[in-house]
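Asks:
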Amino acid sequence: FTINSNFLFDKSKILGLGSYGVVASAFDIFTKTNVAIKRIRPYKADEIIAKQTLREIRCLKLLGAHPNVSKLLGLSINDKKQELYFVMELMETDMHKIISRSEQTLSEAHIKCLMKQLLEGLKA
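Okay, so the sequence shown: first residue is 1248 according to our numbering, each after it adds one.
Next comes the structure, spelled out in structure tokens:
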């Protein structure tokens, strides 16, 4: 990750890997909070990635004030390496980890709670 110096990274804190990027946790020295930083690379070499990235930014900005949606706190670009960084609110976990990696079987109450949160996020 090559992002500005107001973020401190612990290299062991990679949170996830996706089709278009890597998410890591970092400490923002200005706000004194932990944040999630998603790196997308190359962000402009592929038209499909560029469109999906723009769509994600627009959705996050539109839904950012909703309590069931992770907030986009900022964006940063490293043009030399063609990297785009999303600085986001750090969440405890994500839906994928809850559903696929949990050793506990999800009860009907868990499923109802998750569905309610998903629908609340969509309602925004």
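For each residue, glycine too, the CB sits at the ideal point set by N, CA and C.
Taking buried to mean at least 16 other C-beta atoms within 10 Å of its own C-beta, is residue 1301 buried or exposed?
Replies: Exposed is the call here.
Asks: Can you give the Cα-Cα distance for residue 1288 and residue 1278, rounded to whole angstroms?
Replies: If you draw a straight line from the Cα of residue 1288 to the Cα of residue 1278, it comes to about 26 Å.
Asks: Assuming residue 1292 and residue 1282 form a contact by the criterion Cβ under 8 Å, report the distance between their Cβ atoms to the nearest whole angstrom.
Replies: Actually they do not touch by this definition, with Cβ atoms about 26 Å apart.
Asks: From the DSSP output, in three-state form, read off residue 1338 for me.
Replies: coil
Asks: Around the Cβ of residue 1348, are there at least 16 other Cβ atoms within 10 angstroms (buried) or fewer (exposed)?
Replies: exposed
Asks: By how many angstroms is the C-alpha of residue 1280 removed from the C-alpha of residue 1365?
Replies: 26 Å
Asks: What ranges does the beta strand (DSSP E) occupy inside the region 1257-1335, keeping only unbroken runs of at least 3 residues that lie completely in it?
Replies: Correct list: 1268-1275, 1280-1287, 1319-1325.
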